[in-house]
Every structure is written in C-alpha cells, then in structure tokens.
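So the sequence shown is numbered by the working numbering: it starts at 86 and just counts up by one. To start, the structure under review is shown below, and the notes come after it.
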Amino acid sequence: MLGQSVLGPTGPRRETTDGSANGVVTIDAASVDTKNAKRDIHLRSADFFDVDKHPSLTFTTTSATAGRDGTVKVKGELTVRDTTRPLSFTATADDVSPDAVTLNAELTVDRKDFGLTWNQLGMMKDITSLALTLRFTRNPE
C-alpha cells in the first residue's frame, strides 16, 4: 500500500509541550497490493474497501510519545470506509536523526470493526495482522 504522511509545518502536525507529536497518515486504498491480482481486485471492490466510494484509509495520530527504550507509543484513530475506531500500538524507532525517523510496528485489527464483513464460506479470519514500516522526515520550514 502506498501512503502519504501529512506531517510538517504545512500539515496538521504539531509537537506538544510534553515531547509527543500528532498528525495524519493517509493511504490510497486503491494501492492495496497483496501480490495476488485477483485478490487485490476483490479487496478494492464494494465487498471490502470500496475504493470508488472510500478512496482513502486514514490514521489520525493523537499522540506519539518516545520511550526511553527506543519505542514509541502511538495512539490515534483509524478510519476505514467512513468508520472510525481508536487504535493504539507500540512501534520501535529505527534510523533516528534530527530530521527523520523510521517506525516499525506489528499490530492487529478486527476488520469487522470497520464493516468489512464479507466472508464467503467462513474462509477469512476477522483479525488481520499488519506489519508497518513508516518513514517520517521533517519538512523544511
């Protein structure tokens, strides 16, 4: 999936007085790529993401707070198909510099929480595992 981070001086991102940060990450729902073309077409259909009506998946971060052990506690809200649910996870900070950071995380999401209920013959699990690698860079002011 391709995503765009809307973090920076011109986007809705800010650092707070406690050192945490917040912002918005938007993912093009049509960029789903599971390396199986037939499955990808189905995932883009009205049975799942319905990309014609809901072109974006959005994660709005309410806080991202660095821990002393190289982790980042991330809290926010995930929006899929106009349904928003709280989502929290712990990421590992990697390749950290004054102008950039890479966050790696593994988390689970219940697809039914977002109205993704299609499941012909009961072949799909409700809980979906996600592996994220997110690279954030500071935008020049």
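Heads up, the beta-carbon is just placed ideally off N, CA and C, and yes, glycines get one too. Just so it is clear, the structure is predicted and the values come from calculations on it, not from any experiment.
Which whole-angstrom value is the C-beta distance of residue i and residue j, which I expect to be below 8 Å?
{"i": "leucine 188", "j": "phenylalanine 144", "result": "The Cβ separation is near 12 Å, so there is no contact."}
Residue i to residue j, Cα distance in whole Å?
{"i": "arginine 170", "j": "leucine 217", "result": "18 Å"}
{"i": "serine 214", "j": "leucine 192", "result": "6 Å"}
{"i": "aspartate 118", "j": "arginine 129", "result": "10 Å"}
{"i": "phenylalanine 134", "j": "valine 194", "result": "14 Å"}
{"i": "glycine 152", "j": "isoleucine 126", "result": "40 Å"}
Do residue i and residue j have their C-beta atoms closer together than 8 Å?
{"i": "aspartate 132", "j": "tryptophan 203", "result": "yes"}
{"i": "alanine 185", "j": "phenylalanine 221", "result": "yes"}
{"i": "phenylalanine 199", "j": "valine 159", "result": "no"}
{"i": "alanine 176", "j": "threonine 147", "result": "no"}
{"i": "lysine 197", "j": "aspartate 180", "result": "no"}
Under the DSSP definition of a beta bridge, which residues are partnered with residue i?
{"i": "phenylalanine 144", "result": "Val110, Leu163"}
{"i": "valine 186", "result": "Phe221"}
Next item on the list: Assess, as a yes-or-no matter, whether the region 132-143 is touched by the region 111-119 under the definition of 3 or more beta carbon pairs within less than 8 Å.
Entry: yes
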